[in-house]
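Trainee:
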Amino acid sequence: MKHKQSTGTNPRRKTLRRQMIFWMVMVTVFPLFILIVGMFYFSYIPQLNSFLDFNSNLLNRHILIEQSSEARLLAKQIGDFMDEITTQGMVIGRTTLLPFLDATEKNRVLSGFLHSYPDIDYIVIRDLQDRVRSTGREEKTFSAQLQGILSDPILFQITLAGEMTFSEPFVLPELQELAMVITQPLLSETGSPMGAMFMQIDLKQVQEFTDEANRVNPGTIYVVDSEGKLVGHVDRVRVLKREDMSDLEIVKNYLIPRITAGSVPYKDKKGRQVQGAYSPVGDLNWGVVTERSQSAAFSPIHEMSAQAKDTMKRMFWATMIGVISAAILAISIGTLLAVRISSPIRTMADGAIKIAKGDFKRRFNVQGAAEIQQLAATLNHMSQAIEQYTNELSRHVRNLRELFKGSVESLTTAIDAKDPYTQGHSRRVTAISLLIGRKLNISENALEELEISAMMHDIGKIGVDDAILKKPGMVTEMEREALQMHPSLGASIMKPIPLLKNMIPGMLHHHERWDGSGYPDGLKGKDIPFYGRIIAVADVFDAMTSDRPYQESYTYEKARDKIYSGKGILYDPDVVDAFLDVFDEICRSVVKERKS
Numbered sequence: 170m171k172h173k174q175s176t177g178t179n180p181r182r183k184t185l186r187r188q189m190i191f192w193m194v195m196v197t198v199f200p201l202f203i204l205i206v207g208m209f210y211f212s213y214i215p216q217l218n219s220f221l222d223f224n225s226n227l228l229n230r231h232i233l234i235e236q237s238s239e240a241r242l243l244a245k246q247i248g249d250f251m252d253e254i255t256t257q258g259m260v261i262g263r264t265t266l267l268p269f270l271d272a273t274e275k276n277r278v279l280s281g282f283l284h285s286y287p288d289i290d291y292i293v294i295r296d297l298q299d300r301v302r303s304t305g306r307e308e309k310t311f312s313a314q315l316q317g318i319l320s321d322p323i324l325f326q327i328t329l330a331g332e333m334t335f336s337e338p339f340v341l342p343e344l345q346e347l348a349m350v351i352t353q354p355l356l357s358e359t360g361s362p363m364g365a366m367f368m369q370i371d372l373k374q375v376q377e378f379t380d381e382a383n384r385v386n387p388g389t390i391y392v393v394d395s396e397g398k399l400v401g402h403v404d405r406v407r408v409l410k411r412e413d414m415s416d417l418e419i420v421k422n423y424l425i426p427r428i429t430a431g432s433v434p435y436k437d438k439k440g441r442q443v444q445g446a447y448s449p450v451g452d453l454n455w456g457v458v459t460e461r462s463q464s465a466a467f468s469p470i471h472e473m474s475a476q477a478k479d480t481m482k483r484m485f486w487a488t489m490i491g492v493i494s495a496a497i498l499a500i501s502i503g504t505l506l507a508v509r510i511s512s513p514i515r516t517m518a519d520g521a522i523k524i525a526k527g528d529f530k531r532r533f534n535v536q537g538a539a540e541i542q543q544l545a546a547t548l549n550h551m552s553q554a555i556e557q558y559t560n561e562l563s564r565h566v567r568n569l570r571e572l573f574k575g576s577v578e579s580l581t582t583a584i585d586a587k588d589p590y591t592q593g594h595s596r597r598v599t600a601i602s603l604l605i606g607r608k609l610n611i612s613e614n615a616l617e618e619l620e621i622s623a624m625m626h627d628i629g630k631i632g633v634d635d636a637i638l639k640k641p642g643m644v645t646e647m648e649r650e651a652l653q654m655h656p657s658l659g660a661s662i663m664k665p666i667p668l669l670k671n672m673i674p675g676m677l678h679h680h681e682r683w684d685g686s687g688y689p690d691g692l693k694g695k696d697i698p699f700y701g702r703i704i705a706v707a708d709v710f711d712a713m714t715s716d717r718p719y720q721e722s723y724t725y726e727k728a729r730d731k732i733y734s735g736k737g738i739l740y741d742p743d744v745v746d747a748f749l750d751v752f753d754e755i756c757r758s759v760v761k762e763r764k765s
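Going by the numbering used here, the sequence shown runs without a break in its numbering and finishes at 765.
1) Just the C-alpha distance for Lys415 and Phe378, rounded to the nearest angstrom, thanks.
2) Assuming Glu754 and Leu609 form a contact by the criterion Cβ under 8 Å, report the distance between their Cβ atoms to the nearest whole angstrom.
3) Below 8 Å on the Cβ atoms is my guess for Ser440 versus Val420; work out the distance and round it to an integer in Å.
4) According to DSSP, simplified to helix, strand and coil, what is Trp683?
5) Identify which residue in Val458, Gly364, Asn422 has its Cα closest to the Cα of Asn386.
6) Which value, in whole angstroms, describes the spacing of the CA atoms of Met259 and Val577?
7) For Arg295, count neighbouring C-beta atoms within 10 Å of its own C-beta (all shown protein chains included) and say buried if the count is 16 or more, exposed if not.
8) Is Asp635 buried or exposed, if buried means 16 or more other CB atoms sit within 10 Å of its CB?
9) In whole angstroms, what is the alpha-carbon distance linking Ile502 and Asp528?
10) Between which two residues does the alpha helix (DSSP H) containing Glu274 stretch?
11) Excluding five sequence neighbours on each side, which residues of the same chain lie with their C-beta closer than 7 Å to the C-beta of Ile413?
12) When the distance is taken between beta carbons, is Ile370 closer than 9 Å to Val350?
13) Using CA atoms only, rank isn't needed, just tell me which of Gly675, Trp683, Ile601, Asp750 is closest to Ala707.
14) Here's a check: name, in chain order, each residue in its chain whose Cβ is nearer than 7 Å to the Cβ of Asp750, leaving out the five neighbours to either side.
15) Determine the closest residue to Leu669 out of Ala705, Asp404, Ile621, with distance taken between C-alpha atoms.
16) Please classify Lys482 as buried or exposed, where buried requires at least 16 other C-beta atoms within 10 Å of its C-beta.
17) Span of the beta strand (DSSP E) holding Ser657?
18) Residues in its own chain within less than 6 Å of Asp437 by CB, not counting five upstream and five downstream?
19) Roughly how many angstroms separate the alpha carbons of Val403 and Glu307, rounded to a whole number?
20) Which of the three DSSP states, helix, strand or coil, is assigned to Gly503?
21) Does the Cβ of Gly687 have 16 or more other Cβ atoms within 10 Å, making it buried, or fewer, making it exposed?
22) Would a C-beta distance cut-off of 9 Å place Ile289 and Met368 closer than the cut-off?
23) Span of the beta strand (DSSP E) holding Thr379?
24) Note the first and the last residue of the continuous alpha helix (DSSP H) segment covering Glu613.
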């Protein structure tokens, strides 16, 4: 009886199990199959097609933007190069026309400027009385084009009216180099004409910019002048032949008329279909063209589309096979896959946020599918590249800052050398100013500005007659007035340099006094710029403790007491208090500077 019940029960259990399996399959696998098929045809495939279209358009725009950016970058490099030469040329040209500089000083200024800019072959300055001063490199040619421009009276009048002109580039046959002439007006502070400067420029730097751009560019970048002739190209022979590119559609229809149209298709010199972008170069009426063959430019789009369609087909069949073969384990496998997929993605997402906040040393070592590992490798490469770029950029910034500070220090040392009794004065004033500034808890950026301002505080003495600076006795009232012009002269000389905008007030007003008795503007109290108040105390202390032919130096203690007696009268009380707090350090610093 029991045996029959047992044997009768087993078939029913097996049948029930089969039915449960059947209905489980019908409830889970069949709806899942229908759902998958429906999602593929009505959701995944449309979304994938939309994704492909979006990314194709995005990549297309990226290529076009990249080309335009490459053209603009090279155009900006050339424009900045010309702006630097013309800006500094204006400063030097005006300096050479100052009436109180003798011929030797003017020649020294011109020679120094020529030495600083190896791209300049010749400099010619012509004043209103038709007096001409020139200098040039011995190995360079005084071109017939420069001579012709100098001889053109109409061009001279146009230049005096305030218009800068650029000649068309020309070849120097003897040197096999490309050059051009820049004609630049020299105007006074009030805008009245003082004369004109003519500079013959070697365009070798333009070719170097072009070569560098072509090294990192998958296509070709070249530079043309206003007539469509080559100024820079990877093939230098074509440049020296002054090959005419004006028959190209991009040059003829867009660049020369200066019509903005972004990136355009056209045929190159060999009749190949290319995609090109262009950018004008500042005021030169030149243009930069970057071109790539269309097949190479858009091949990533076609490859991505083909790969995506192939991936879509494989995904469909893989999903079908997976649904049929793994229906019973769908929940567990789904959960496992969800964990395996979401965990590394979450890890990379968290890491990407940290990279965005500046943690460029972040690296990813995740396990998962090849795509996940490829994504992790891509993020690692991106983080490493950003870190390297940031480090390189920081190094260049530091080098530029040190170069700038070194140049300023060299200039101030040369100015101090004009007066044997002030040798090292600017360096000592700078050291004292920095000690006071640190005591006042000013920022590192402000300390750097204070340092430059203090170094340059007497730079205007370049315009003061040496006979006055080196006079062994007391100066006359007229000579005193000439000496008191040096802050204004220094500010005027440095004004055209945008980098010195925040430093000039300290230079200009370091002889102002708290009660308004100083010069050049008679400012008082906190109307005096902050850097000027600090430099004033540092300058007075070093002057008091320095030997002069007409004045014996004070002891450090006596100079300190004199400054203290002027607190709130001649000097900013806060600055004086800071000076007194670091007095011992100042004494050690001054002794060290004077020994060196």
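Every residue gets a Cβ at the ideal spot worked out from N, C-alpha and C, and that includes glycine.
Mentor: In short, the structure shows the following:
1) Taking the sequence shown and counting its residues from 1, the one referred to as residue 415 is at position 246. Taking the sequence shown and counting its residues from 1, the one referred to as residue 378 is at position 209. Checking the sequence shown, residue 415 turns out to be Ser, not Lys. Taking the straight line from one Cα to the other gives about 22 Å.
2) Working through the sequence shown from its first residue, we reach residue 754 at position 585. Working through the sequence shown from its first residue, we reach residue 609 at position 440. About 14 Å separates the two Cβ atoms, so there is no contact after all.
3) The residue given as residue 440 occupies position 271 in the sequence shown. The residue given as residue 420 occupies position 251 in the sequence shown. Residue identity check: residue 440 is Gly in the sequence provided, not Ser. So it is not a contact: roughly 16 Å between Cβ atoms.
4) Along the sequence shown, read from residue 1 onward, the residue named residue 683 stands at position 514. Looking at Trp683 - three-state DSSP - the assignment turns out to be coil, as it is neither helix nor strand.
5) Residue 386 sits at position 217 when you count from the first residue of the sequence shown. Of the candidates Val458, Gly364, Asn422, the one whose C-alpha sits nearest the C-alpha of Asn386 is Val458.
6) For the purposes of this step, residue 259 is taken as the residue at position 90 of the sequence shown. For the purposes of this step, residue 577 is taken as the residue at position 408 of the sequence shown. Whole-angstrom Cα-Cα distance: 19 Å.
7) Against the sequence shown, residue 295 aligns to sequence position 126. So Arg295 ends up on the buried side.
8) Counted from its first residue, the sequence shown places residue 635 at position 466. Answer is exposed; the Cβ neighbour count stays below 16.
9) Counted from its first residue, the sequence shown places residue 502 at position 333. Counted from its first residue, the sequence shown places residue 528 at position 359. Because the pLDDT at Ile502 is just 46, under 50, the model does not fix this residue reliably, and the point stays unresolved.
10) Within the sequence shown, numbered from 1, the residue matching residue 274 stands at position 105. 272-285 is the span of the alpha helix (DSSP H), which, as asked, contains Glu274.
11) Walking along the sequence shown from the start, residue 413 turns up at place 244. For clarity, residue 413 is Asp in the given sequence; the question names Ile instead. If we look at Asp413 and ignore the five residues flanking it on each side, its Cβ neighbours are Gly397, Lys398.
12) Working through the sequence shown from its first residue, we reach residue 350 at position 181. Working through the sequence shown from its first residue, we reach residue 370 at position 201. It is a contact, given that the beta carbons lie within the stated cut-off.
13) Counting from 1 along the sequence shown, the entry for residue 707 is found at position 538. Measuring from the Cα of Ala707, the nearest candidate turns out to be Ile601.
14) Taking the sequence shown and counting its residues from 1, the one referred to as residue 750 is at position 581. For Asp750, where only same-chain residues beyond five positions count, the Cβ hits under 7 Å are Lys608.
15) The residue given as residue 669 occupies position 500 in the sequence shown. Answer by Cα proximity: Ile621.
16) If you number the sequence shown from 1, residue 482 lands on position 313. Burial call: exposed.
17) Numbered from its first residue, the sequence shown carries residue 657 at position 488. Per DSSP, Ser657 belongs to no beta strand (DSSP E); it is in the alpha helix (DSSP H), 655-663.
18) The count along the sequence shown starts at 1 and reaches residue 437 at position 268. For Asp437, where only same-chain residues beyond five positions count, the Cβ hits under 6 Å are Val443.
19) Position 234 of the sequence shown, counted from the start, is the residue given in the question as residue 403. Position 138 of the sequence shown, counted from the start, is the residue given in the question as residue 307. Computed Cα separation, rounded: 29 Å.
20) Taking the first residue of the sequence shown as 1, we reach residue 503 at position 334. Low confidence applies here, because Gly503 scores a pLDDT of 47, under 50, leaving its location unreliable and the question unanswered by this model.
21) The sequence position of residue 687 within the sequence shown is 518, counting from 1. That one is buried.
22) For the purposes of this step, residue 289 is identified with residue 120 of the sequence shown, where counting begins at 1. For the purposes of this step, residue 368 is identified with residue 199 of the sequence shown, where counting begins at 1. Closer than 9 Å, so yes.
23) Here residue 379 is taken as the residue at index 210 of the sequence shown, counted from 1. Note, Thr379: premise wrong, no beta strand (DSSP E); alpha helix (DSSP H) at 373-384.
24) Here residue 613 refers to the residue found at position 444 when the sequence shown is read from its first residue. Counting along the chain, the alpha helix (DSSP H) containing Glu613 begins and ends at 613-624.
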